[in-house]
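Numbering (this note's numbering), first residue to last: 52 to 481.
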């Protein structure tokens, strides 16, 4: 029974010829000609997606990115002790990284929209979960590459491991001079590269690919120690960040629960809330619609925070009208700044459309009553381009009539000019 199960999960089943796998991996390492152009285009697409906060565009950029090649090549080279291939892989990965940073930096430097969107912010704080995603994504990638039929996993790996967005975010950090964004995003990119490489190394070892260069056991042991040290260096900071993120979420949940119990359930309307987790002590700023607290009440509320385990935290109630007004105006200003380019374009299109729209729906009914001989009436606006630098928009009425009445037509034109305050109004018989 155990033998059948082992055969069932055996990775040697459906395995591609080892020499052919080596050739495929080697071919995908180089960043020259078309590969470099594809990389640059993918970086621009990813940067645009991050800039406009579009997840679909970012996914599209990840699908066409050729960055996986040299990373898998490095892992394969380590597993087979092919140090020439390792040098080539690292060299090409450095070229790809520098080109990507340069292209994304130029894009964000030239882009008029500098707001830090949520898609950008999500790539600035890597944690242990990113390590797991990179490692298991790398496992799937190398397993698929070593199969006769590669199937659908390769595009999925490109999306899951997400090499492009952190690089673009690092370029964004450089362009706005924010070093914390740059370091966080580049650390995430490094995590992804390293653990894809380690996953490749482990699978190559498991599948027993032959070593290209003979190394003694002592040298092999040094390689293992080096890899282990790098794994620890990568995992420890990301684990700390994950622990910090967990504590921050717990803190936010506890604060929300406290506010609900102490204020919301008692009918106090909160109009402003700001939580600063990174301050020392941490602060929770609140403002109420009508409720006012004296000094003793505020002291008792802060004591309650300590009693329920929320330590090193100070609750501040904004009660001064001037300060409160300033905070609310700042909040409104920040929200207005987040107005996306699409909203601006839509607003401009609406304004343009309004120029050519007659909003008075009762106008045709009035024309029918005043001029009963006119039928099949249509009304709209057109742009005139006289022999000047400017254009003007005028109202046009089209009508049908069995008999020609120039007097009535002129009368309608005068009536329209007064009704719509449009001296250029035209009346045309079809």
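Where a beta carbon is used, it is the ideal one built from N, C-alpha and C, also for glycine.
Please read these numbers as outputs of a predicted model, since none were measured by experiment.
Hey, could you find the ends of the beta strand (DSSP E) residue i is sitting in?
{"i": "residue 338", "result": "333–339"}
{"i": "residue 323", "result": "321–327"}
{"i": "residue 366", "result": "364–368"}
Buried or exposed: residue i, going by 16 or more other Cβ atoms within 10 Å of its Cβ?
{"i": "residue 483", "result": "Beyond the ends of the chain as shown, which are 52 and 481, falls residue 483; an answer cannot be given."}
{"i": "residue 467", "result": "buried"}
{"i": "residue 318", "result": "exposed"}
{"i": "residue 120", "result": "buried"}
{"i": "residue 351", "result": "exposed"}
{"i": "residue 72", "result": "buried"}
{"i": "residue 284", "result": "exposed"}
{"i": "residue 145", "result": "exposed"}
{"i": "residue 170", "result": "buried"}
For residue i, which of helix, strand or coil comes out of DSSP?
{"i": "residue 303", "result": "helix"}
{"i": "residue 260", "result": "coil"}
{"i": "residue 461", "result": "helix"}
{"i": "residue 473", "result": "coil"}
{"i": "residue 252", "result": "helix"}
{"i": "residue 293", "result": "helix"}
{"i": "residue 268", "result": "helix"}
{"i": "residue 312", "result": "helix"}
{"i": "residue 82", "result": "coil"}
{"i": "residue 173", "result": "coil"}
{"i": "residue 280", "result": "helix"}
{"i": "residue 274", "result": "helix"}
With residue i as the anchor, note down where its alpha helix (DSSP H) starts and where it stops.
{"i": "residue 480", "result": "Not the alpha helix (DSSP H): residue 480 falls in the beta strand (DSSP E), residues 477–480."}
{"i": "residue 181", "result": "179–196"}
{"i": "residue 127", "result": "119–131"}
{"i": "residue 86", "result": "85–102"}
{"i": "residue 135", "result": "134–161"}
{"i": "residue 165", "result": "Segment: none, residue 165 is in no alpha helix (DSSP H) and carries neither H nor E."}
{"i": "residue 226", "result": "215–227"}
{"i": "residue 110", "result": "106–115"}
{"i": "residue 353", "result": "346–358"}
{"i": "residue 420", "result": "414–421"}
Going by DSSP, which residues form a beta bridge with residue i?
{"i": "residue 433", "result": "445"}
{"i": "residue 426", "result": "451"}
{"i": "residue 66", "result": "198"}
The stretch 101–111 contacting the stretch 159–169, beta-carbon criterion three pairs below 8 angstroms: Of all C-beta pairs linking the stretch 101–111 to the stretch 159–169, three or more are shorter than 8 angstroms, placing the two stretches in contact.
Inter-stretch contact at 8 angstroms, needing at least 3 Cβ pairs: the stretch 240–257 / the stretch 119–134: Put simply, the stretch 240–257 touches the stretch 119–134. At least three CB pairs are less than 8 angstroms apart.
The stretch 284–296 contacting the stretch 304–312, beta-carbon criterion three pairs below 8 angstroms: No, because fewer than three Cβ pairs between the stretch 284–296 and the stretch 304–312 fall closer than 8 angstroms, the two stretches do not touch.
Sufficient close CB pairs (3 or more, under 8 angstroms) joining the stretch 213–233 to the stretch 332–341: These segments do not touch.
Three CB pairs or more closer than 8 angstroms across the stretch 231–241 and the stretch 259–279: Judged by pairs of C-beta atoms under 8 angstroms, the stretch 231–241 does not touch the stretch 259–279, as fewer than three such pairs exist.
Meets three-Cβ-pair contact criterion under 8 angstroms: the stretch 78–98 and the stretch 129–147: Three or more beta-carbon pairs drawn from the stretch 78–98 and the stretch 129–147 are found closer than 8 angstroms, and the two stretches are therefore classed as touching.
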